[in-house]
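First to last, the protein sequences are chains P and L. According to this note's numbering, the first sequence is numbered sequentially starting from 44. According to this note's numbering, the second sequence is numbered sequentially starting from 44. Every residue, glycine too, gets a C-beta built ideally from N, C-alpha and C. Right, one structure below, let's go through it.
Protein chains: 2
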Amino acid sequence: MPRELVEDSEVFLTEVCWHYFVNEMTQADIASKMGVTRLRVNQSIQRAKAMGLVKIHIESPFLANIELQDSLRDALGIGRVVIGAADPRSYDYHRPVGAALAAFLSERLRVADWRSLGVSWGLTLETAIRRLQRHSLPGLEVVSLLGGTAKGSTFNSFGIVSGFADVLGAHYSILTAPIYLSEGIDRDLLLSQADLNEHFRKFDTLDAVILTCSDVSPRSFLVANGLPKELSPQALIGAGAIGDVLGQFLDRDGHSVSKTIDERTVGIPLDQVAKVEEKILAAAGPHKVHIIRAACLRGLVDTLVTDDVTARLLLDTATQITEAAAE
Amino acid sequence: MPRELVEDSEVFLTEVCWHYFVNEMTQADIASKMGVTRLRVNQSIQRAKAMGLVKIHIESPFLANIELQDSLRDALGIGRVVIGAADPRSYDYHRPVGAALAAFLSERLRVADWRSLGVSWGLTLETAIRRLQRHSLPGLEVVSLLGGTAKGSTFNSFGIVSGFADVLGAHYSILTAPIYLSEGIDRDLLLSQADLNEHFRKFDTLDAVILTCSDVSPRSFLVANGLPKELSPQALIGAGAIGDVLGQFLDRDGHSVSKTIDERTVGIPLDQVAKVEEKILAAAGPHKVHIIRAACLRGLVDTLVTDDVTARLLLDTATQITEAAAE
DNA sequence: ATGCATCTTTTACATTTGCATTGCAATCCG
DNA sequence: CGGATTGCAATGCAAATGTAAAAGATGCAT
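This is the structure in structure tokens:
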């Protein structure tokens, strides 16, 4: 007889979590009741959390930093700031921002009647998906704002778009192309393909977009894995780039660094993003302070979702600039 | 200077929970960061859970008992059975049923387009409210199905109705009257009052109702606190009563025990309940087995929400009856 | 001021949890 | 056939958590 494969199916995880979170049984009790080791129960719970099978939702989680939100909103001159509280000790940027974005979207989706929602990609958005409560929005289409990378797993463009659509109960449309065109390929020729062309037309009717950004360092997944060979980070930095939004690199003031590169990106151009009704940027981390500011200057942000650490940094540099200007 | 009241406000609880659940900081770390004792953090988290400030949601939590649900559905001859898993050791009926009801309602509200939802009252429903995700259903009205008791706190009729309305983002309408009329008061005269009359007319257009039930024992809050003085539990039991639905007592077969009592209850009559499109009964506990069955026989149940312990008991007695009939 | 009642903090301890280590048995492979 | 490998159960332990009891403040009445 082959060794019996122990069921680590979703059913098993569900039952374990039910007993743990609803009935508040101890892991040992659950283990003995279900005839498995305590270790297995322990791991099941962790796995279920990681998978997003259990969702912990905190009612109105950004009440805490109201003053900070207000002052940062004024400092950046944008419409709204949503701040999640980070753990300053072991600093993980993605978690608080993802959770805050999920909470914000939950509230926003309740009143906003979006039919078309464009999304970027990245780990931050993956966290948000795992935290996001399931919705049913059959009238909504989640639209990929840019092509995908060959490498990269769940937080690839495709995974994010389908993940959002799944959890929101919406349709989706992805961009079946790489982020950057290879050298020598005619952009117009490529975009004239029927399916790509159809997707690009969806950019004209976006009600809202969820954006992310990165700096120019090996921390950035795009810089580490997604850039075309001919494009070195050094060259970008030399040209004044401090980070990217949707694969398009910006300088301190939010100006595009290189038209050549921008034209090689397969996705919505930033100037078109600026015209979208509701633009949400989710990003945190000290290394992202400059690109966040640049994105705001470029007019790409109505709502900024970040954490308190980044918010304070943004505020500090903002007041410095203001003071310097006043002298 | 008066002693500074330590902020146990919602803001404080929110921040503590955010750090604990999102950032997974330890309670000690949170305490030192926020300048309070560890005990305070510990209690805050427990309080926040009890208040329903943090909501733990398990995706599709009743997959585990599919066969049980199916067989019980067939045995009772009703439309659907939803089963939460109980902890057999320390048996708390309310928790699993409340959680299962919350999960079921979340899914149901996504597709059902209810405009009017009638609700009963009781601890089970209070648990459900605490577990229920916040919705926004401005087109929905939550309607109290019966009057309130003088005693009884949050799980009184009023508290349940307003609690449901709050968490669902809906309106509500309560029945400003006691459950039972005092002796000698003319029912028709009372109901002719404008506000009561208006409320009673709402019973004609209910899309769905959420019911509970109790047995005839001191465990029942109604029996313990709500019965008129002249009405003794003994008399009810003598008349064949095994429990109540909406304050109206039934015998084994689901027949009303006493027309006199029924006519003294201020609320929707059971025969009118039977006509409602979607009837959900949430109840569990070994002592409720008979009244649950009676409610089903009376045609008051389309969907039964219960736990696995009660489900198995219901199934056992059902097959016994079937076998006895077959002999 | 003194004693009393109340509330809060501190302290201590038992339980629970997370994780690393060890050891066993089934499988793989030459 | 025998040794290496793998996957899981068992064990043990340190950290985190929940709870109760002691110690200390604080307000109030005398």
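- Buried is the label assigned to Gly269 (chain L), since at least 16 other Cβ atoms lie within 10 Å of its Cβ.
- Counting only residues of its own chain and dropping the five nearest sequence neighbours on each side, Pro221 (chain P) has a CB closer than 8 angstroms to the CB of Gly190, Gly191, Thr192, Ala193, Val309.
- By the neighbour-count definition (other C-beta atoms within 10 Å, threshold 16), Gly328 (chain P) is a buried residue.
- If you check each beta-carbon in the segment 81 to 103 of chain P against every beta-carbon of chain L, the ones closer than 7 angstroms belong to Leu96, Val97, Lys98, Ile99, His100, Ile101, Glu102, Ser103.
- Residue state for Gln112 (chain P) is assigned as helix, using DSSP reduced to three classes.
- The three-state secondary structure of Ala317 (chain P), taken from DSSP, is coil.
- The beta carbon of Val259 (chain P) is closer than 8 angstroms to those of Val266, Pro276, Leu279, Ile280, Ala284, Ile285, Gly286, Asp287, Phe292 in its chain, skipping five residues each way along the sequence.
- In the structure shown, Tyr136 (chain L) falls within a coil segment according to DSSP collapsed to helix, strand and coil.
- Here the alpha carbons of Asp113 (chain P) and Val97 (chain L) stand approximately 25 angstroms from one another.
- Look at the segment 112 to 140 of chain L: the residues with a C-beta under 9 angstroms from a C-beta of chain P are Gly127, Ala128, Ala129, Asp130, Pro131, Arg132, Ser133, Asp135, Arg138, Pro139.
- For Gln176 (chain L), the residues of chain P that pass the 8 angstroms Cβ criterion are His100, Gln176, in the order they occur in the chain.
- Under the DSSP assignment, His333 (chain P) falls outside any beta strand (DSSP E), being part of the alpha helix (DSSP H) whose first and last residues are 332 to 340.
- Contact of Glu58 (chain L) with chain P is assigned, a C-beta pair being separated by under 8 angstroms.
- A residue is called buried when at least 16 other Cβ atoms come within 10 angstroms of its Cβ; Ala326 (chain L) meets this threshold and is buried.
- Listed along chain L are Ile99, Ile101, each with a C-beta nearer than 8 angstroms to that of Phe64 (chain P).
- For Tyr136 (chain P), the closest alpha carbon among the candidates P:Met68, P:Val154, P:His330, P:Gly78 is that of P:His330.
- Taking all protein chains shown into account, Met94 (chain L) has fewer than 16 neighbouring C-beta atoms within 10 Å of its C-beta and is therefore exposed.
- In the three-state reduction of the DSSP assignment, Asp296 (chain L) falls in the coil class.
- Membership of Cys256 (chain P) in any beta strand (DSSP E) is not indicated, and neither H nor E is assigned to it by DSSP.
- A residue is called buried when at least 16 other Cβ atoms come within 10 angstroms of its Cβ; Gln70 (chain P) meets this threshold and is buried.
- Interface annotation, Trp61 (chain P): in contact with chain L, CB-CB separation under 8 angstroms.
- Ranking P:Gly122, P:Val79, P:Arg151 by CA distance to the CA of Leu175 (chain P) puts P:Arg151 first.
- Pairing Asn66 (chain P) with Pro139 (chain L) gives a Cβ-Cβ distance under 8 angstroms.
- Here the alpha carbons of Ile203 (chain L) and Gly290 (chain L) stand approximately 16 angstroms from one another.
- Sequence-distant Cβ neighbours of Ile73 (chain P) in its own chain, meaning closer than 7 angstroms and more than five residues away, are Val59, His62, Tyr63, Val84.
- Unbroken beta strand (DSSP E) runs of no fewer than 3 residues, entirely contained in the segment 131 to 178 of chain P, are found at 159 to 162, following chain order.
- The beta-carbon of Ala142 (chain L) is placed less than 8 angstroms from the nearest beta-carbon of chain P.
- Of the candidates L:Ser187, L:Leu357, L:Ile228, the residue whose Cα lies closest to the Cα of Pro312 (chain L) is L:Ser187.
- Excluding sequence positions up to five before and after Leu340 (chain P), its CB lies within less than 8 angstroms of the CB of Asp296, Gly297, all in the same chain and listed in chain order.
- For Gln291 (chain P), the pairing in a beta bridge is given by DSSP as P:Val288.
- Taking the Cα positions, Leu144 (chain P) is about 6 angstroms away from Ala171 (chain P).
- For Ser179 (chain L), the chain P residues whose Cβ falls inside 7 angstroms of its Cβ are Arg153, Val154, in order along the chain.
- Going by C-alpha positions, Arg244 (chain P) is about 15 angstroms away from Arg230 (chain P).
- Under the Cβ criterion of 8 angstroms, Met77 (chain L) is not counted among the residues facing chain P.
- Secondary structure note for Arg230 (chain P): its alpha helix (DSSP H) is the uninterrupted segment 230 to 234.
- If you ignore the 5 residues before and after Arg355 (chain P), its C-beta comes within less than 8 angstroms of the C-beta of Leu111, all in its own chain and listed in chain order.
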